[in-house]
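**Q** Quick note on our numbering: the sequence shown kicks off at 15 and runs consecutively. Every residue gets a Cβ at the ideal spot worked out from N, C-alpha and C, and that includes glycine.
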Amino acid sequence: MSGELGADTLTGGQGADTFSFQFGQSLVSGTDRITDFTIGTDAIGLLTSDPLTVTTPSSFTRAADKTATTLLNLANQVFTDANGAVAGNQALGVSGATLVRVTSGANAGTYLAINNSTAGFQANSDLLVNLTGLTGTLPTLGNIAVSSFFV
Numbered sequence: 015m016s017g018e019l020g021a022d023t024l025t026g027g028q029g030a031d032t033f034s035f036q037f038g039q040s041l042v043s044g045t046d047r048i049t050d051f052t053i054g055t056d057a058i059g060l061l062t063s064d065p066l067t068v069t070t071p072s073s074f075t076r077a078a079d080k081t082a083t084t085l086l087n088l089a090n091q092v093f094t095d096a097n098g099a100v101a102g103n104q105a106l107g108v109s110g111a112t113l114v115r116v117t118s119g120a121n122a123g124t125y126l127a128i129n130n131s132t133a134g135f136q137a138n139s140d141l142l143v144n145l146t147g148l149t150g151t152l153p154t155l156g157n158i159a160v161s162s163f164f165v
């Protein structure tokens, strides 16, 4: 299943699903939602500018829980500090991804933030995906194997 321009809602079928996103499609201004992502079974595929080519993040971390009041605030927070296991700010690296949970407010839930190939937060191209129907145990803070979420 593929999220395209605008805010999409994606629901997989039974068994393993792959949800595909291209940079510039699930933005902070129009976040896509996956209603039934199962950790360890489902996967995220990242498409390059050539939609037939799939890539994976260079790194994957779990950020500390946040209380962001807006999605823009959340993106700025996790792009500043993407690794909750390391003291101080650990910026989300080029082509890196982070998993973060918002614990309160209208944006409460679990999100994937994925940096494109440009350092820093790019509102018009970096991905923010809401995992609204997440099933399974969230990884602990810190580094996560890329292959545990991405293909």
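Report buried or exposed for SER161, applying the criterion of at least 16 other Cβ atoms within 10 angstroms of its Cβ.
**A** Exposed.
**Q** So, are the CB atoms of THR75 and ASN157 less than 8 Å apart?
**A** Taking 8 Å as the Cβ cut-off, THR75 and ASN157 qualify as a contacting pair.
**Q** Taking the DSSP output, what are the residues bridged to PHE164?
**A** In the DSSP output, where bridge partners are listed per residue, PHE164 has ILE58.
**Q** Rounded to a whole number of angstroms, what is the C-alpha to C-alpha distance between SER63 and GLY150?
**A** Going by the C-alpha atoms only, they are around 31 Å apart.
**Q** Alpha carbons only, please: which of THR154, ASP140 and ASN87 is nearest the one belonging to ALA122?
**A** With distances taken between Cα atoms, ALA122 lies closest to ASN87.
**Q** Is it right to say SER40 is buried, meaning 16 or more other beta carbons lie within 10 angstroms of its own, or is it exposed?
**A** Buried: at least 16 other Cβ atoms inside 10 Å.
**Q** Have a look at LEU142, VAL143 and PHE163 and flag the residue whose alpha-carbon is nearest the alpha-carbon of ALA152.
**A** In the sequence as displayed, the identity of residue 152 is Leu instead of Ala. Out of LEU142, VAL143 and PHE163, PHE163 has the C-alpha closest to the C-alpha of LEU152.
**Q** Which residue marks the beginning of the beta strand (DSSP E) containing THR112, and which one marks its end?
**A** Run containing THR112: 110 to 116, per the beta strand (DSSP E) assignment.
**Q** In or out: THR45 buried (at least 16 other Cβ within 10 Å) or exposed?
**A** When all chains shown are included, THR45 counts as buried.
**Q** If you draw a straight line from the alpha carbon of PRO71 to that of VAL92, how long is it in whole angstroms?
**A** Taking the straight line joining both Cα atoms gives about 15 Å.
**Q** Compare the Cα-Cα distances from LEU141 to each of LYS80, LEU113 and LEU155 and report the closest residue.
**A** Of the listed residues, the one whose Cα sits closest to LEU141 is LEU113.
**Q** In terms of DSSP beta bridges, what is ASP46 paired with?
**A** Looking at the DSSP assignment, ASP46 forms a beta bridge with VAL143.
**Q** Taking the DSSP output, what are the residues bridged to VAL4?
**A** Outside the displayed span of the chain (15 to 165) sits residue 4, for which this structure offers no information.
**Q** Given THR25, which residues of its chain have a CB within under 6 Å of its CB, disregarding the five upstream and five downstream residues?
**A** Hits under 6 Å: THR49 and ASP50.
**Q** Answer with buried or exposed for ALA30, where buried requires no fewer than 16 other C-beta atoms within 10 angstroms of its C-beta.
**A** ALA30 comes out exposed.
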